[in-house]
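See structure below.
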Amino acid sequence: MVRKPTVDAAPGGSALLRAGGRRLMRAAVRRFRVRMGVLAALTAVRVAATLTTPVMLARAIDAAQAQENLGAATTALAVTLGVAILADAGEDVLGAYCGSHLTAWLRHRMLGRVLALGPQGRRRFPTGDVLSRLTESASGPAAFPVLLLAAAAAIASTAGAVIALALIDWWLAAAFAASVPPLVLALRVFVVQATEPFARYQISQAAIATRLLDARQGIRTIQASGTADAEARRILAPLPELREAGRETWEVQGRVSRRLALLAPLTQVVVVAVAGVRLATGDVTTGQLVASASYAAMAVASASLFDTFVQLLNCQVGAGRIEEVLAAVPAVRPPARPRPVPDGPGRLRLRRVTVRAGGRAVLDGLDLDVPPGAAVAVVGASGAGKSLLVATIGRLLDPDDGHVELDGVPVTALPLPRLRHAVAYAFERPAPLGATVHDTIAYARPDATRAEVRRAARAAAADDFVRALPEGYDTPLARAPFSGGELQRLGLARAALADARIVVLDDATSSLDTATELKVTEALRRVLAGRTSLVVARRPATAARADLVAWLDAGRIRALAPHAELWPDPGYRAVFDARPAADGAAAPEPAAGA
Amino acid sequence: MTAPPAARLLHRHVRGQWPAVRRLAAWSAVEAVPTFASGLLLSRAVDRGFLAGRPLTGLGWLAALAVLYVVGAVATGRVYPWLAATVEPLRDSLVGEVVSAALRRMTGGAPDAAGAGVSQVTEQAEAVRALLGAALRNVRQLLSAGVAALVGLTLLAPRLALAVGLSVALGVAVFGAFVGLQVRRYRAVVLRAEEIGESAAAVVHGVRDVVACAAEDRAADTVGRVVDAQARALRAYARTRLVRLPVLALGVHLPLLALLLLSPYLTAHQGFTAGDIAGAVAYLVTGLQPAVTVLVDAGGTLLLSLAVVLGRLAEICAVPAAAAPSALPAAVESFDVETERVTFAYSPRAAPVIEDLSLYVPEGTHLAVVGPSGTGKSTLANLLTGLLAPQRGRVTLGGVPLDPAHARTAITLIPQESYIFAAPLRDNLAYLCPQASKARLDDAVHAVGLGETVERLGGYDAEIPPGGGGLSQGERQLVTLARAYLSPAPILVLDEATSHLHPAAEARAERALADRGGTLIVIAHRISSAERADMILLLDGPSAVLGTHETLLRRSPLYAELVGHWHT
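Heads up: the protein sequence lines correspond to chains A and B, in order.
Be aware that the first sequence starts at 2, since it is given in our numbering, and climbs by one per residue.
Be aware that the second sequence starts at 565, since it is given in our numbering, and climbs by one per residue.
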């Protein structure tokens, strides 16, 4: 009866959300219509049998009293009870089957859409948000078929029970009707009062969880300082508030329960009393008196309808949150009439490329020609759009204007998988994907052999630390906590393994210390020989090793020339000095993915 | 099977609450009085009132029942404070134990081996409260009503009650026999659900990489398999719920049918009246049936969830308590740190990260450790601070083997990932020196270059929100560096603790910490840290070279290249 009020976080938004949820649920009902039909039939049988039971019971009692036809009456009761229990059990299991299929269906669809939305979907649906939708929101609607039918069944039972009371004796129905309004009142009182302490409780509870999460981030400090006991006290500081809010929630529930505990049985007593008087006058039998008590109980049980209603709203909200993701349109769409990827050396042409972010044109009509086989460093101040520029090549992002050509064909005309096999990326923070270290390096080429993977890892100076892991390349990622620099080298190995004609290193060596970067770039140079490469660079040494430097300034390429030619220009040198005092969170680059 | 540790955990936390539990039980008994009396009074009302042509007497008996219901409702109201007094302290002590255990678990193993899901323990402790609350509220109410009905039936018709009792006991036994299977299957559902979260997190977090690798189908397939596995687990669990069929048949239907079939015999030989039959049926239908139904439906699910969640918590709490800090070794006279032929590997099969390293760091030295990442610099920091123990060789402090408890007071480690917590800025700064005066704080803040940040935040009393709020990565590191400055420990180890700082800010903080006195060991992120140190340890794979900046320039081509390279 008592439930945390989770509906109606934002009145207007939640109405829209629920409308979307209803749409999705209707689609779900269509998809699972056969199963839903059987479920509905079982519910109907169950309700009918349950409503018939008191009649059968009354007949059996009267038969026992009169001592005639007892066998037949009892058999009829047994059959009714049997049908009710079988239908009920069938409903339970089939309902769970429906729910599990429904949730799995929602999850599959949502995952597909999240992947189709790609890196840009992250702006609208951050990771934590997607996960909570996928795990919690998607599991809610599993109860939808059962709840919907339960609501219908509760209404039917109540109506049926009241009609049955009236059929026995219309005074009984009248007595019942008189006791309904106070019941409704009691329920309303609860809804109004319960919200506040529940909300306060959840806030205190979240405070403890966040503090524990903080401690988890800083566990090495805690460990080294031996301050675990003090930490436990600090984490538990909100506990008294939690306890106080908890006590209040119980108080509210107590007030409501007291009323419910009084009203439901009293309704029954009233009905039985009226039945008793009618028994004395001979208008009802003893069996019917017992049956009227059962029907009164059944009719009162519709109070649970309120609970079901709240849960149905929650289902709609859950489904609505899935529908929001399903309704999002991917920014990067596959070509309608794809053209084959041309043979070619990896020549890139960018024409009038404009990318807007946060209301300004970060790239503003940019032109760039990258000769095949060249190593080009992309250099520019923080926030100049270096990552956006390289993201347009593999269509991780489509420019708002202008176009990108790979070997003479616009990248928008190429089938997406083929394009992305031709353009390999290594990022500043690569994602560890797949089950093992081997998998994550071979993520773009699952057919790669161990020897190929090791060669790629060696090129990225990753082979040594991978082999130091407990199970080497077969170490599960979950058991291999990598530092930022180690992850970057796995990302570089992934790019080195890809058989791509264009390789993009997007700040992919920034977490490496000076010594490692030197080692890695020397090794990568051999691997990348003959391929076109674009390297987003923050350090002058990185730019110096490239054939050409594309100097990005004010949304355009200011110069495309070797580093040595540009170095005398103080404006060019300033690009490398302009590191903010505390970089990182202070001045985030508007990267394509983050 | 998780039940025994789970039961022990629950028992441990209920132990202090017995007085409240007893009050709860007493009010429960009062609450069940109307159910207990309902059949008896109904039988009287029918026999002596309505059927005897005295409707007023009948109504009188029913009025007595109504009065009992009022008493019962009062008892229901009185139950709640004792519910709160049982459940809330239990939650308090459970959260307390679970948080301490989670911290112990995180600090227990290797520094990075914090078990996944540890951060969810508070939610799970909360689930125990919710489940136990629901169990005590609804299930207790209905079960006590069921027991009261059986007792009332015993008064009405002892032999019938015996037969009914046997049948119900059989039904409950059937239910009990399947609880083990149900718990296992339900546990599988919970575990699979956790796996969905984990596998989806990797894919969703790395969606840019998935797309860049054109591996959308494979990623969807990876998560999809777990999704389907969870759906299968749900269906397998649903099938076990068919056990309700025999339980309801034995617990409710069989007694009812038996009563009706036996009623001619009972009337003939036991003096059973029409009212008795009505009363007995009322006991079975309004008392016993809801009790058995709630047992197989809500009770079952609640018990299962409770068993599973408690089982998970018991696993977490099953970490041995931290060893009591041993007495301070008496013989420590200096704070010289020394490693003697130390070898360390993360597993017996793995290649050693540090091999045969001998290093002597006299008290007061400023040492920089440089070398490519992955050459064991952080591992060395963990070994020097006692967070890891070497497989071969030993680490000594002041000539005696390093004792982890002693290391904590003598050595302060500042790791790359800064620990900033929800508390006033003052507490964050004075983490290692809680009594620090304002003058000392000012001194430290000025020394490491945190002054502007303190001003921006509005002084030492500024509350830092959970997660560090608007502090940039660099500012967080400066806070931890000021913390190190205030630490009373004579030895400081910085493990890339300046990685987010501008070179000039890094130089200022490092100099301040070196001038603080005592030993400073810097695991360097940039080679420039080396030039400020008295001694430099160059780690490069298995080989390690120790020297000053000048000697290393001459002796190590790698070092020369690093330094030269940095200055281009």
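Even for Gly, the Cβ is constructed at its ideal location relative to N, Cα and C.
Since the model is a prediction, treat every value here as computed from it, not as a measurement.
- Task: Please list, in chain order, all residues of the same chain as A524/A whose beta carbon is under 8 Å from its beta carbon, the five residues on each side excluded.
- Result: Reading the first sequence from its first residue, position 523 is the one you call residue 524/A. Exclusion of the five residues before and after A524/A leaves R459, A460, A461 and A462 as the residues of its chain whose Cβ lies within less than 8 Å of its Cβ.
- Closest by CA to A45/A, which one among I86/A, A67/A, L71/A and I62/A? If you number the first sequence from 1, residue 45/A lands on position 44. Its Cα nearest to that of A45/A, the residue I86/A stands out among I86/A, A67/A, L71/A and I62/A.
- Message: DSSP has F908/B in a bridge; who is on the other side?
- Response: Start at 1 with the first residue of the second sequence, and residue 908/B comes out as number 344. Its beta-bridge partners are I918/B.
- In chain order, what residues of the same chain have a beta carbon less than 6 Å from the beta carbon of R808/B, not counting five sequence neighbours either side? The count along the second sequence starts at 1 and reaches residue 808/B at position 244. Cβ-Cβ distances below 6 Å link R808/B to V860 in the same chain, with the five nearest sequence neighbours on each side left out; the list follows chain order.
- Is it the case that the Cβ atoms of A479/A and E762/B are separated by a distance below 9 Å? The residue you call residue 479/A lines up with position 478 of the first sequence. The residue you call residue 762/B lines up with position 198 of the second sequence. Yes; because the gap between Cβ atoms is below 9 Å, this pair is in contact.
- Query: In terms of residues, what are the limits of the beta strand (DSSP E) holding E406/A?
  - Reply: Within the first sequence, residue 406/A is the residue found at index 405, counting from 1. Run containing E406/A: D402 to L407, per the beta strand (DSSP E) assignment.
- Are there 16 or more other CB atoms within 10 angstroms of the CB of A144/A, so buried, or fewer, so exposed? Residue 144/A sits at position 143 when you count from the first residue of the first sequence. A144/A is buried by the Cβ-count criterion.
- For W625/B, which of helix, strand or coil comes out of DSSP? Residue 625/B sits at position 61 when you count from the first residue of the second sequence. Per DSSP, reduced to three states, the secondary structure at W625/B is helical.
- Task: Could you tell me how far apart the beta carbons of G851/B and V736/B are, in whole angstroms, since I believe they sit closer than 8 Å?
- Result: If you number the second sequence from 1, residue 851/B lands on position 287. If you number the second sequence from 1, residue 736/B lands on position 172. Cβ-Cβ separation between G851/B and V736/B: approximately 15 Å, too far for a contact (criterion under 8 Å).
- Task: Assuming L434/A contacts A766/B (C-beta within less than 8 Å), just tell me the rounded distance between them.
- Result: For the purposes of this step, residue 434/A is identified with residue 433 of the first sequence, where counting begins at 1. For the purposes of this step, residue 766/B is identified with residue 202 of the second sequence, where counting begins at 1. Contact annotation, L434/A with A766/B: C-beta distance approximately 6 Å; criterion of less than 8 Å satisfied.
- Task: Return the first residue and the last residue of the alpha helix (DSSP H) that L720/B is part of.
- Result: In the second sequence, residue 720/B corresponds to position 156, counting from 1. Start and end: R704 to L720.
- From the DSSP output, in three-state form, read off A600/A for me. No information on residue 600/A is available, as it lies outside the stretch 2 to 595 that chain A covers here.
- Short check: CB of V131/A to CB of L95/A, under 9 Å? Position 130 of the first sequence holds residue 131/A. Position 94 of the first sequence holds residue 95/A. In this structure, L95/A does not lie closer than 9 Å to V131/A by Cβ.
- Message: Within 9 Å of any Cβ in chain A, is that where the Cβ of F614/B sits?
- Response: Here residue 614/B corresponds to residue number 50 of the second sequence, with the count starting at 1. Using a Cβ-Cβ cut-off of 9 Å, F614/B counts as an interface residue toward chain A, since at least one Cβ of chain A sits closer than that to its own.
- Message: Assuming the contact rule is C-beta atoms closer than 8 Å, A445/A and A499/A should be a hit. Round their C-beta distance to whole Å, please.
- Response: Residue 445/A sits at position 444 when you count from the first residue of the first sequence. Residue 499/A sits at position 498 when you count from the first residue of the first sequence. The beta carbons of A445/A and A499/A sit about 5 Å from each other, so the pair counts as a contact at 8 Å.
- Query: When you compare only the Cα positions, how much space is there between S602/B and T718/B?
  - Reply: Here residue 602/B is taken as the residue at index 38 of the second sequence, counted from 1. Here residue 718/B is taken as the residue at index 154 of the second sequence, counted from 1. Rounded to whole angstroms, S602/B to T718/B spans 13 Å at the Cα level.
- Query: Span of the alpha helix (DSSP H) holding R110/A?
  - Reply: One-based indexing of the first sequence puts residue 110/A at position 109. In the DSSP assignment, R110/A falls within the unbroken alpha helix (DSSP H) covering L71 to R125.
- Using a Cβ-Cβ cut-off of 9 Å, state whether D508/A counts as contacting chain B. As a first step, residue 508/A must be located in the first sequence, where it is residue number 507. Not an interface residue.
- Message: When you compare the CB positions of S226/A and R1119/B, do they come within less than 9 Å of one another, or not?
- Response: Sequence index remark: in the first sequence, residue 226/A carries index 225 (1-based). Sequence index remark: in the second sequence, residue 1119/B carries index 555 (1-based). Here S226/A is not near R1119/B, since their CB atoms are 9 Å or more apart.
- Query: DSSP on A297/A, reduced to helix/strand/coil?
  - Reply: Here residue 297/A is taken as the residue at index 296 of the first sequence, counted from 1. Reduced to three states, the DSSP call for A297/A is helix.
- Query: Expressed to the nearest angstrom, what Euclidean distance is found between the alpha-carbon atoms of R352/A and E487/A?
  - Reply: For this step, residue 352/A is matched to residue 351 along the first sequence. For this step, residue 487/A is matched to residue 486 along the first sequence. Roughly 36 Å separates the two Cα atoms.
- Apply the 10 Å Cβ neighbour rule to L806/B and answer buried if 16 or more other Cβ atoms are within range, or exposed otherwise. Position 242 of the second sequence holds residue 806/B. Looking at its Cβ environment, which holds fewer than 16 other Cβ atoms inside 10 Å, L806/B is exposed.
- Neighbour flag for I978/B against chain A, beta carbons, 9 Å: In the second sequence, counting from the first residue as 1, residue 978/B sits at position 414. Cβ-Cβ to chain A under 9 Å: yes for I978/B.
- Looking at the C-beta of V190/A, does it have a partner C-beta in chain B at a distance below 9 Å? Numbered from 1 along the first sequence, position 189 holds the residue referred to as residue 190/A. Any answer about V190/A is weak, because its pLDDT of 48 lies below 50 and its placement is not dependable; what the coordinates show is given next. With respect to chain B, the C-beta atom of V190/A has no partner C-beta closer than 9 Å.
- Task: Measuring alpha carbon to alpha carbon, tell me which of T128/A, L52/A, R260/A and E197/A ends up nearest T159/A.
- Result: In the first sequence, counting from the first residue as 1, residue 159/A sits at position 158. Here the closest residue by C-alpha is L52/A.
- Closer than 9 Å, CB to CB, is I596/A near chain B or not? Because residue 596/A is not part of the residues shown, which for chain A are 2 to 595, the question remains open.
- Query: With distances taken from CA atoms, which of A764/B, Y801/B, D1104/B and P722/B is nearest V753/B?
  - Reply: Sequence index remark: in the second sequence, residue 753/B carries index 189 (1-based). Closest by alpha carbon: Y801/B.
- Ends of the alpha helix (DSSP H) at W568/A? Numbered from 1 along the first sequence, position 567 holds the residue referred to as residue 568/A. For W568/A, no alpha helix (DSSP H) run applies, since DSSP gives it neither H nor E.
- Query: Apart from the five residues on each side of it in sequence, which residues of its chain come closer than 8 Å, Cβ to Cβ, to G277/A?
  - Reply: By 1-based counting over the first sequence, the position of residue 277/A is 276. Sequence-distant Cβ neighbours of G277/A in its own chain, meaning closer than 8 Å and more than five residues away, are L290.
- Task: Measure the beta-carbon distance from L606/B to A846/B and round it to whole angstroms, keeping in mind my assumption that it falls under 8 Å.
- Result: Here the question's residue 606/B lines up with position 42 in the second sequence. Here the question's residue 846/B lines up with position 282 in the second sequence. Yes, they are in contact, since the Cβ atoms of L606/B and A846/B sit about 5 Å apart, within 8 Å.
- Task: Answer with buried or exposed for E897/B, where buried requires no fewer than 16 other C-beta atoms within 10 angstroms of its C-beta.
- Result: Residue 897/B sits at position 333 when you count from the first residue of the second sequence. Exposure of E897/B is indicated by the presence of fewer than 16 other C-beta atoms within 10 angstroms of its C-beta.
- R334/A: which of A414/A, P346/A and A423/A sits nearest, CA to CA? Along the first sequence, read from residue 1 onward, the residue named residue 334/A stands at position 333. Cα-wise, what sits closest to R334/A is A414/A.
- Three CB pairs or more closer than 8 Å across the segment 653-661 of chain B and the segment 692-700 of chain B: Remark: three or more beta-carbon pairs, one from each stretch, lie closer than 8 Å, so the segment 653-661 of chain B and the segment 692-700 of chain B are flagged as touching.
- Where DSSP assigns a beta bridge to A425/A, which residues make up the other side? Locating residue 425/A in the first sequence gives position 424, where the first residue counts as 1. When DSSP reads this structure, A425/A sits in a beta bridge with V504/A.
- Query: From the beta carbon of A462/A, is the nearest beta carbon of chain B less than 9 Å away?
  - Reply: The sequence position of residue 462/A within the first sequence is 461, counting from 1. At a cut-off of 9 Å between C-beta atoms, A462/A counts as an interface residue with respect to chain B.
- Item | Beta carbon of L398/A nearer than 9 Å to that of V424/A | To locate residue 398/A, count along the first sequence from 1; it is residue 397. To locate residue 424/A, count along the first sequence from 1; it is residue 423. For L398/A and V424/A, no; Cβs fall outside 9 Å.
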